[in-house]
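Visitor:
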Amino acid sequence: MGSSETTRNTSFNLKNFHNHYIRNYKFILPDNNWLIWFIGFVEGDGAILCKNGRPHFVLTQKEGAILYHIKEVLGFGHVKFYLTSSGGYYRYIVSDVRSIKTLSLLFNGNLVLEHRINQLKKWYEIFSLNSEFISLAVLPTLNDTWLSGFTDAEGCFNVNITSRRNTVSGYRISLRFLLDQKNGEMILEHIKILFNFGKVSLRGGTNEVYRFTIDSFKGLINVRDYFLMYPLRTKKAISFAKWNEVYTMRLNKEHLDQKGLNKIKIISKEINKNNRESTKTGSANIK
């Protein structure tokens, strides 16, 4: 999604991928919700690469389970662990021609971000594929799973507890939903429109990284409803579940007594710990 292209406000079209997958694989065809989640996850965390004139696809995560899950559902690629001084990370790697062509058919005409479309175009320039390359972007909605996948890659749920003398408990409990994306002002503004709340800002001290934030309790209703309808699939699902528990406690005013406040403090620490374990890591360079 970007200013230099025409954006079509249509749904994702997976017909070409379906036909190809059924003809060429003996595995169960992944359902559309999973496939669109995967596209969103890839647009946030994936690398659509060309190395030495050959296409490669890489997903890098601290969390190995989600990459093994992707490999199992798609039925191709391999997962590799890289040991580092800080612990290590995992990569899901696809490099064989057959599987790259399969991914090409899934992504073609179903990508949202302009730089991802440009990366995919290089694959099409290398391969002679039966389908025509589609340079137009899709606009995601709150009725599909793209944002769930994108949030698994780029999102964060947190709870802040700050001292506030003019409150009953002496503390203010605030919940936030965050999305970060380099050069992502356009897509984040679109997500802001979808939720009808929030703000988009350029993060200071970063190289064009934009942040979408919702911290209004009223505005978070739609966020909560969306992720209950279209669940996350990484460890961020744990953070959301705990975040939603705090949301419900605040809705029921349980945060106003000491027992509830103490419970929220514990949950907040658990969310922070889980968020650290879900931090992005590693470059996309293939080793």
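Numbering (the numbering used here), first residue to last: -7 to 279.
Note that beta-carbon positions come from the ideal geometry of N, C-alpha and C, so glycine has one too.
Remember, it's a predicted structure, so these values are computed and weren't measured experimentally.
Beta-carbon within less than 6 Å of K279's beta-carbon, same chain only, minus the 5 sequence neighbours each way: which residues are those?
Guide: As a position in the sequence shown, residue 279 is number 287, starting the count at 1. In this prediction, K279 has a pLDDT of 46, which is less than 50 and means its spatial position is unreliable; what the coordinates show is noted afterwards. If we look at K279 and ignore the five residues flanking it on each side, it has no Cβ neighbours.
Visitor: For a quick check, are the C-beta atoms of I256 and W235 less than 8 Å apart?
Guide: For the purposes of this step, residue 256 is taken as residue 264 along the sequence shown, with counting starting at 1. For the purposes of this step, residue 235 is taken as residue 243 along the sequence shown, with counting starting at 1. Against a cut-off of 8 Å, the Cβ pair of W235 and I256 comes out as no contact.
Visitor: Alpha carbon to alpha carbon, how far is N135 from W115?
Guide: For this step, residue 135 is matched to residue 143 along the sequence shown. For this step, residue 115 is matched to residue 123 along the sequence shown. The alpha-carbon atoms of N135 and W115 are separated by roughly 30 Å.
Visitor: Is F4 helix, strand or coil by DSSP?
Guide: What you label residue 4 is simply residue 12 of the sequence shown in a count that begins at 1. Three-state DSSP puts F4 in coil, outside helix and strand.
Visitor: Quick one: using the 10 Å Cβ neighbour count with 16 as the cut-off for buried, is Y74 buried or exposed?
Guide: Residue 74 sits at position 82 when you count from the first residue of the sequence shown. Exposed, because fewer than 16 other Cβ atoms sit within 10 Å of the Cβ of Y74.
Visitor: CB T94 to CB H12, shorter than 8 Å?
Guide: On the sequence shown, residue 94 is found 102 positions in, with the first residue counted as 1. On the sequence shown, residue 12 is found 20 positions in, with the first residue counted as 1. Contact flag set, yes.
Visitor: Return the chain-ordered ranges of every beta strand (DSSP E) run that is complete within the region 34 to 86 and spans a minimum of 3 residues.
Guide: 38 to 43, 46 to 53, 70 to 74, 81 to 86
Visitor: Here's the rule: buried if 16 or more other CB atoms are within 10 angstroms of the residue's CB, otherwise exposed. What is K228?
Guide: Taking the sequence shown and counting its residues from 1, one reaches residue 228 at position 236. Buried is the call here.
Visitor: Is DSSP giving F99 helix, strand or coil here?
Guide: Start at 1 with the first residue of the sequence shown, and residue 99 comes out as number 107. Residue state, collapsed to three classes: helix.
Visitor: Is I31 helix, strand or coil when you go by DSSP?
Guide: For the purposes of this step, residue 31 is taken as the residue at position 39 of the sequence shown. Here DSSP, grouped into helix, strand and coil, assigns I31 to helix.
Visitor: Quick check on the DSSP output: the beta strand (DSSP E) that includes D144 runs from which residue to which?
Guide: Here residue 144 corresponds to residue number 152 of the sequence shown, with the count starting at 1. Looking at the DSSP string, D144 is not in any beta strand (DSSP E); the run it does join, the alpha helix (DSSP H), is 138 to 146.
Visitor: Compare the beta carbon distance of I28 and F4 with 8 Å and say whether it is the shorter of the two.
Guide: The residue you call residue 28 lines up with position 36 of the sequence shown. The residue you call residue 4 lines up with position 12 of the sequence shown. Contact: yes.
Visitor: For C42 and L51, what's the separation of their Cα atoms in angstroms?
Guide: Numbered from 1 along the sequence shown, position 50 holds the residue referred to as residue 42. Numbered from 1 along the sequence shown, position 59 holds the residue referred to as residue 51. Straight across, the Cα-Cα distance linking C42 with L51 is about 14 Å.
Visitor: Which residues in the same chain as M241 place their Cβ atom closer than 8 Å to its Cβ, once the five residues preceding and following it in sequence are excluded?
Guide: Working through the sequence shown from its first residue, we reach residue 241 at position 249. Within the same chain, H247, G252, K255, I256 come within 8 Å of M241 by CB-CB distance, once the 5 residues on both sides are set aside.
Visitor: Return the chain-ordered ranges of every alpha helix (DSSP H) run that is complete within the region 159 to 201 and spans a minimum of 4 residues.
Guide: 177 to 187
Visitor: Is D207 near S140, with beta carbons less than 8 Å apart?
Guide: Residue mapping note: residue 207 aligns to position 215 of the sequence shown, counting from 1. Residue mapping note: residue 140 aligns to position 148 of the sequence shown, counting from 1. No. Outside cutoff.
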